[in-house]
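In the working numbering, the protein residues as written are 94 to 342.
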């Protein structure tokens with residue numbers, strides 16, 4: 094099992110090196126772009142929503158970093174098996190390794206971008222580290238969501254080639270409907286955009302431990318339940334379709 098895990102980890106590291114070969118800053122270019130986006134949009138929206146600037150920029154930076162990881166893993170995941178056509182047909186590598194390769198690559202990028210979160214955390218709340226352990230728990234749940242959703246969309250995309258485009262469109266819609274560039278405080282607590290939006294719970298589980306209001310344990314619980322149910326569904330789908338994937342390719 095350890096040998097298998099090393100395959101997709103090494104492939105993920107290779108993808109990062111290949112993408113940023115001959116680049117001065119490497120993956121930190123993504124970090125820089127995210128920081129510029131959070132600062133510029135954060136200043137504008139803080140004024141529009143009449144929010145404290147430092148706290149809102151921290152909220153936005155944290156939200157965007159977490160969302161970029163989740164959406165990036167899912168959108169790339171929808172095409173990872175299709176893009177690994179030659180690898181799957183000419184080697185003994187499993188479809189699962191290709192999926193975990195994609196998720197692992199995005200985890201590596203997330204680890205770079207977390208730097209933005211902690212810089213804005215120090216600026217917004219200089220005297221408090223808030224709940225770092227629960228942030229780690231929430232982020233681990235976020236990675237679990239990225240893994241099971243990527244598994245499902247990757248398999249379905251091999252069978253139905255329109256799914257990657259649909260996935261990208263759905264993720265863009267969820268970005269606008271979820272409290273990422275806006276805060277939940279601008280809506281009533283009973284708003285359907287908060288109550289019935291799974292993305293709100295998933296992001297909040299990782300984000301709220303680093304916010305002044307403290308950890309939203311209900312979001313952590315809901316996120317864990319969804320992650321558990323989704324992981325079971327993804328596993329069952331994978332076991333049922335694993336041997337059909339090469340024929341669909």
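Beta carbons: idealized from backbone N, C-alpha and C, even for Gly.
Alpha-carbon spacing of residue 321 relative to residue 244, whole angstroms: 14 angstroms
Jot down the residue ranges of each uninterrupted alpha helix (DSSP H) in the stretch 112-167, minimum 4 residues, whole runs only, in chain order. 121-141
Just list the alpha helix (DSSP H) runs in the stretch 261-336, keeping only unbroken ones of 4 residues or longer that don't cross its boundaries, in chain order. 285-288, 291-300 and 310-334
Alpha-carbon to alpha-carbon, residue 156 and residue 218: 16 angstroms
Ignore the nearest five residues each way along the sequence and tell me which others in residue 257's own chain have a CB closer than 6 angstroms to its CB. 171, 172 and 250
Report the three-state DSSP secondary structure of residue 198 (helix, strand or coil). helix
As assigned by DSSP and simplified to three states, the class of residue 340: helix
Nearest-angstrom beta carbon gap, residue 273 and residue 242 [assumed within contact, 8 angstroms]: Contact flag wrong, Cβ pair sits at about 17 angstroms.
Note down the Cα distance separating residue 339 from residue 185, rounded to an integer number of angstroms. 11 angstroms
Buried versus exposed, by CB contacts within 10 Å (16 or more), residue 107: exposed
Inter-residue Cα distance where the pair is residue 302 and residue 139: 21 angstroms
Could you give the DSSP three-state label for residue 255: helix, strand or coil? coil
Going by C-alpha distance, which of 275, 227 and 261 is nearest residue 131? 275
Cβ neighbours of residue 280 in the same chain (closer than 7 angstroms, five flanking residues each side left out): 286 and 287
For residue 194, count neighbouring Cβ atoms within 10 angstroms of its own Cβ and tell me buried if that reaches 16, exposed if not. buried
Close Cβ partners of residue 327 (< 6 angstroms) along its chain, the five nearest in sequence each way excluded: 241, 244 and 245
Within 10 angstroms of the Cβ of residue 227, are there 16 or more other Cβ atoms? Answer buried if so, exposed if not. buried
Grouping DSSP H, G and I as helix and E and B as strand, with all else coil, what is residue 244? helix
Residues in its own chain within less than 8 angstroms of residue 142 by CB, not counting five upstream and five downstream? 149, 275, 276 and 279
C-alpha gap between residue 253 and residue 178, whole angstroms: 15 angstroms
CB of residue 294 to nearest heavy atom of the ligand FAD: below 8 angstroms? The ligand FAD is absent from the structure shown, which contains no ligand whatsoever.
What does a CB cutoff of less than 7 angstroms around residue 267 pick up in its chain, not counting 5 residues either side in sequence? 292
I need the straight-line Cα distance from residue 126 to residue 204, nearest angstrom please. 15 angstroms
Quick check on residue 212: does DSSP put it in helix, strand or coil? helix
I need the straight-line Cα distance from residue 263 to residue 147, nearest angstrom please. 31 angstroms
For residue 250, three-class secondary structure by DSSP: helix
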